[in-house]
Structures are given as structure tokens and as C-alpha cells.
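S.K.:
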Amino acid sequence: MSFISYAQNFEDVMLWRALKHIEQGFYIDIGAAWPDLDSVTKAFYDRGWNGINVEPHPELHRQLQESRPHDQNLRLAIGDREGYLVMNFFKGTGLSTLDDAIADKHQQAGWRLKRQETQVTTMTKVWLQHVPDAQDVHFLKVDVEGMEESVLRGNDWKKNRPWIVIVESTMPMSQVESHKTWEPLLFSANYLFAYADGVNRFYVAVEHPEILLSFQYPPNVFDDFVLAARGQAEVDLNEFYKSRAWRWTAPLRWTEGILRIILGKLR
6 MSFISYAQNF EDVMLWRALK HIEQGFYIDI GAAWPDLDSV TKAFYDRGWN
56 GINVEPHPEL HRQLQESRPH DQNLRLAIGD REGYLVMNFF KGTGLSTLDD
106 AIADKHQQAG WRLKRQETQV TTMTKVWLQH VPDAQDVHFL KVDVEGMEES
156 VLRGNDWKKN RPWIVIVEST MPMSQVESHK TWEPLLFSAN YLFAYADGVN
206 RFYVAVEHPE ILLSFQYPPN VFDDFVLAAR GQAEVDLNEF YKSRAWRWTA
256 PLRWTEGILR IILGKLR
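All residue numbers for the sequence shown refer to my numbering, where the first residue is 6 and numbers rise by one.
1) Are the region 127-147 and the region 88-106 in contact at 8 Å, needing three or more beta carbon pairs?
2) Going by DSSP, what residues sit across from residue 206 in a beta bridge?
3) Contact defined as beta carbons within less than 8 Å: I believe residue 48 pairs with residue 7. What is the distance between those atoms, to the nearest angstrom?
4) Give me the Cα-Cα distance between residue 130 and residue 230, rounded to the nearest whole angstrom.
5) Of the choices 76, 114, 90 and 221, whose alpha-carbon is the least far from that of residue 135?
6) Within a Cβ cutoff of 6 Å, which residues of the same chain sit near residue 12, ignoring the five residues on either side of it in sequence?
7) Start and end of the beta strand (DSSP E) containing residue 4?
8) By DSSP, does residue 20 sit in helix, in strand, or in coil?
9) Between which two residues does the alpha helix (DSSP H) carrying residue 49 extend?
10) With distances taken from CA atoms, which of 70, 195, 115 and 159 is nearest residue 86?
11) Are there 16 or more other CB atoms within 10 angstroms of the CB of residue 21, so buried, or fewer, so exposed?
12) Expressed to the nearest angstrom, what Euclidean distance is found between the alpha-carbon atoms of residue 251 and residue 102?
13) According to DSSP, is residue 242 helix, strand or coil?
14) Ignoring anything shorter than 3 residues, give me the beta strand (DSSP E) runs that lie fully in the region 19-101, in order along the chain.
15) How many Å lie between residue 58 and residue 34 at the Cα?
16) Assign residue 114 to one of two classes, buried (16 or more other C-beta atoms within 10 Å of its C-beta) or exposed (fewer than that).
17) In the structure shown, what three-state DSSP assignment does residue 10 receive?
18) Rounded C-beta distance between residue 210 and residue 166? I'm assuming under 8 Å.
19) Express the C-alpha separation of residue 181 and residue 175 in angstroms, rounding to a whole number.
20) Quick check on residue 15: does DSSP put it in helix, strand or coil?
21) Can the beta-carbon of residue 216 be found less than 8 Å from the beta-carbon of residue 37?
22) Shortest alpha-carbon distance to residue 69 belongs to which of 202, 93 and 41?
23) Return no unless some Cβ of chain D is closer than 8 Å to the Cβ of residue 164.
24) Quick one: grab the DSSP three-state call for residue 163.
25) List the DSSP bridge partners of residue 231.
26) Where residue 233 and residue 162 are concerned, what is the direct C-alpha to C-alpha distance, given to the nearest angstrom?
27) Out of 119, 106, 127 and 56, which one is the CA nearest neighbour of residue 64?
28) Name the one or two DSSP bridge partners that residue 196 has.
Written out as C-alpha cells, the structure is:
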């Protein structure tokens, strides 16, 4: 059965290539957004994995609660210290951020802004409270709209060591690279750079060097994957042909096709 990819930039394809030998693995998704659209974890959840989704946006958190009953869904923001901060929310998007300068740019571009006080905690605290003892975290994804450095600073990298770390490495809504400010944190924590896809950068813990080989090439035909939108379209098409509706619409499509042929010959 082909792997169904939901992620925005094939991140799940690359992670599955590296981790498909793991049964019922565990993930942490910081800035999870939707439970399916552009989700890096949806394909893993469907294959029996579970983990922690951190999403401070109230509506997106509600969707996660409804769609991911086997995950722990935390309505929090992650930073380098605990407390409460005013967060910038943008309805219907994954652009919510603690960075006021980035939020102001989104507002100037026409996005509707709502500011709301939000609880902030650290990766260390999330790990302590929600990751079971002796549980390997097979990948950590960080996508927090400009606050990646703060998230990474808030983890105890000596104790809490995901096998793979994937971090959004460009400024929101742009191709401007931002990794130089936080990448040294991962290098000093004994993580090895593995792959860049134009949006994210992937890192592998030194204790799992065999995984590096999985990031030698970009997604390709040998990964045997289909996009979720295409897969759903095929399901809808099959259901359509099983119904009686095609009997009424087929003659119309045949007539349209014949007319296109005739018009093409007349040109």
C-alpha cells in the first residue's frame, strides 16, 4: 500500500523513509496546526503511531482534540521559560506567533489579527510531564513562526534526545533562511545536519548515525507515496462510479468530448 503524504513539503515522506521500521513510534509536534492539512504527523498517526501535539490556537487545538484521540493535544506555546505571553493569532491559518514584528507584517498583508494571553512552557517541562519513562521520541518537529530558537533553548538536550529533529528554517511566508541563529544549539547538543528541503532542516542524533543514509536523496518514485489530495480524489471518483449519478452525467461528458474534437479540427 502506498504511503499517503499529508505534509506541506514531503516532510513525512522523508521521515517515513528513515523510520518505517519502527512500529508504534512516538513523535512531538511543536506548532502542530491542523490534524490533517499540511500535517507532518497525520500519516504516522494513521499507521499506529501516537505522540504529543502542541498547538496554542484555540480552534486548531479543538480540531486536534476531535481528530486525534490517541494523541496528547496541548493548548500551549513553547519557549525558553514558563509563564504567560500575549500571542498573535490569525484565524484560519498556521501563522500564529509570539513574535510581534512578524505578526505586524502579517497584519499589514491583510490577515486579521487577534491578540490573546497564552500559557507558555518549555520543551523540558513538556517532556517531563507527558513523555512516558523510557519512551523514545523518534522525531521532534518545530514550526513556530520565527520562535524556533526559543523553543530549542528550552530543551534539556542531555536528557531529552529525539532521534530526528526537523525545524522550519526560513522566515514565515518567505525563502529567507533563518537557521544560523539556532543551528549552533543543535550542533553543540551533538546533532548532525542531515537534509534541507527549502523550508526545513533535518538533524540526526549522533547516537543514531545509521539514519543519515535515509536523507541522501530527496523524495522520489522509490518512496512509493501519493499525495493525500490525490488519494481522496481517487476515493471520491470510485464512489461516484459506484453510484447511479455517472449514468446521467456520462452522456454529457461524451458530448462535450465530441464537440472538443470537432472544434479542434475546425481551427
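Yeah, the Cβ is synthetic: ideal placement off N, Cα and C, and Gly gets one too. Note that the structure is predicted; figures quoted are calculated from it, not measured.
M.R.: Let me lay it out:
1) no
2) For this step, residue 206 is matched to residue 201 along the sequence shown. The partner list for residue 206 (beta bridge, DSSP) reads 172 and 201.
3) As a first step, residue 48 is located in the sequence shown; it is residue number 43 there, counting from the start. As a first step, residue 7 is located in the sequence shown; it is residue number 2 there, counting from the start. In fact, because the Cβ distance is near 11 Å, the residues do not count as touching under 8 Å.
4) Locating residue 130 in the sequence shown gives position 125, where the first residue counts as 1. Locating residue 230 in the sequence shown gives position 225, where the first residue counts as 1. Near 36 Å, if we compare the C-alpha coordinates of residue 230 and residue 130.
5) Here residue 135 refers to the residue found at position 130 of the sequence shown. Out of 76, 114, 90 and 221, 76 has the C-alpha closest to the C-alpha of residue 135.
6) Taking the first residue of the sequence shown as 1, we reach residue 12 at position 7. Closer than 6 Å at the Cβ level, and outside the excluded window around residue 12, lie 45.
7) Coverage of the chain is limited to positions 6 through 272, which leaves residue 4 absent and any answer about it impossible.
8) By one-based count along the sequence shown, residue 20 stands at place 15. Residue 20: helix per DSSP, three-state reduction.
9) The residue labelled residue 49 in the question sits at position 44 within the sequence shown. Segment 47-51, the alpha helix (DSSP H) holding residue 49.
10) Position 81 of the sequence shown, counted from the start, is the residue given in the question as residue 86. Selected option, being the one with the closest Cα: 159.
11) Within the sequence shown, residue 21 is the residue found at index 16, counting from 1. Classification of residue 21: buried, given that the 10 Å Cβ count is 16 or more.
12) The sequence position of residue 251 within the sequence shown is 246, counting from 1. The sequence position of residue 102 within the sequence shown is 97, counting from 1. Note that residue 251 has pLDDT 48, beneath the 50 cutoff, so the model's placement of it is unreliable and the number below is only indicative. About 47 Å.
13) The residue you call residue 242 lines up with position 237 of the sequence shown. Caution applies to residue 242, whose pLDDT of 47 falls short of 50 and renders its modelled position unreliable; the model cannot decide the point.
14) 31-35, 55-59, 77-79, 82-84 and 88-95
15) If you number the sequence shown from 1, residue 58 lands on position 53. If you number the sequence shown from 1, residue 34 lands on position 29. Distance between the alpha carbons of residue 58 and residue 34 is about 5 Å.
16) Along the sequence shown, read from residue 1 onward, the residue named residue 114 stands at position 109. Residue 114 is exposed by the Cβ-count criterion.
17) Counted from its first residue, the sequence shown places residue 10 at position 5. If DSSP states are grouped into helix, strand and coil, residue 10 belongs with the strands.
18) Reading the sequence shown from its first residue, position 205 is the one you call residue 210. Reading the sequence shown from its first residue, position 161 is the one you call residue 166. Yes, they are in contact, since the Cβ atoms of residue 210 and residue 166 sit about 5 Å apart, within 8 Å.
19) Translated into positions along the sequence shown, residue 175 becomes position 170. Translated into positions along the sequence shown, residue 181 becomes position 176. Those two C-alpha atoms are separated by around 5 Å.
20) Counted from its first residue, the sequence shown places residue 15 at position 10. Coil.
21) The residue labelled residue 216 in the question sits at position 211 within the sequence shown. The residue labelled residue 37 in the question sits at position 32 within the sequence shown. Against a cut-off of 8 Å, the Cβ pair of residue 37 and residue 216 comes out as no contact.
22) As a working mapping, residue 69 is identified with position 64 in the sequence shown. When only C-alpha atoms are compared, the closest one is 41.
23) Going by chain labels, chain D is absent from the structure shown, which holds only one protein chain.
24) The count along the sequence shown starts at 1 and reaches residue 163 at position 158. Residue 163 falls in the coil class under three-state DSSP.
25) In the sequence shown, residue 231 corresponds to position 226, counting from 1. 9.
26) Indexing the sequence shown from 1 puts residue 233 at position 228. Indexing the sequence shown from 1 puts residue 162 at position 157. About 34 Å.
27) For the purposes of this step, residue 64 is identified with residue 59 of the sequence shown, where counting begins at 1. Taking only the C-alpha atoms, the option nearest residue 64 is 119.
28) Here residue 196 is taken as the residue at index 191 of the sequence shown, counted from 1. DSSP output for residue 196 lists 210 as bridge partner(s).
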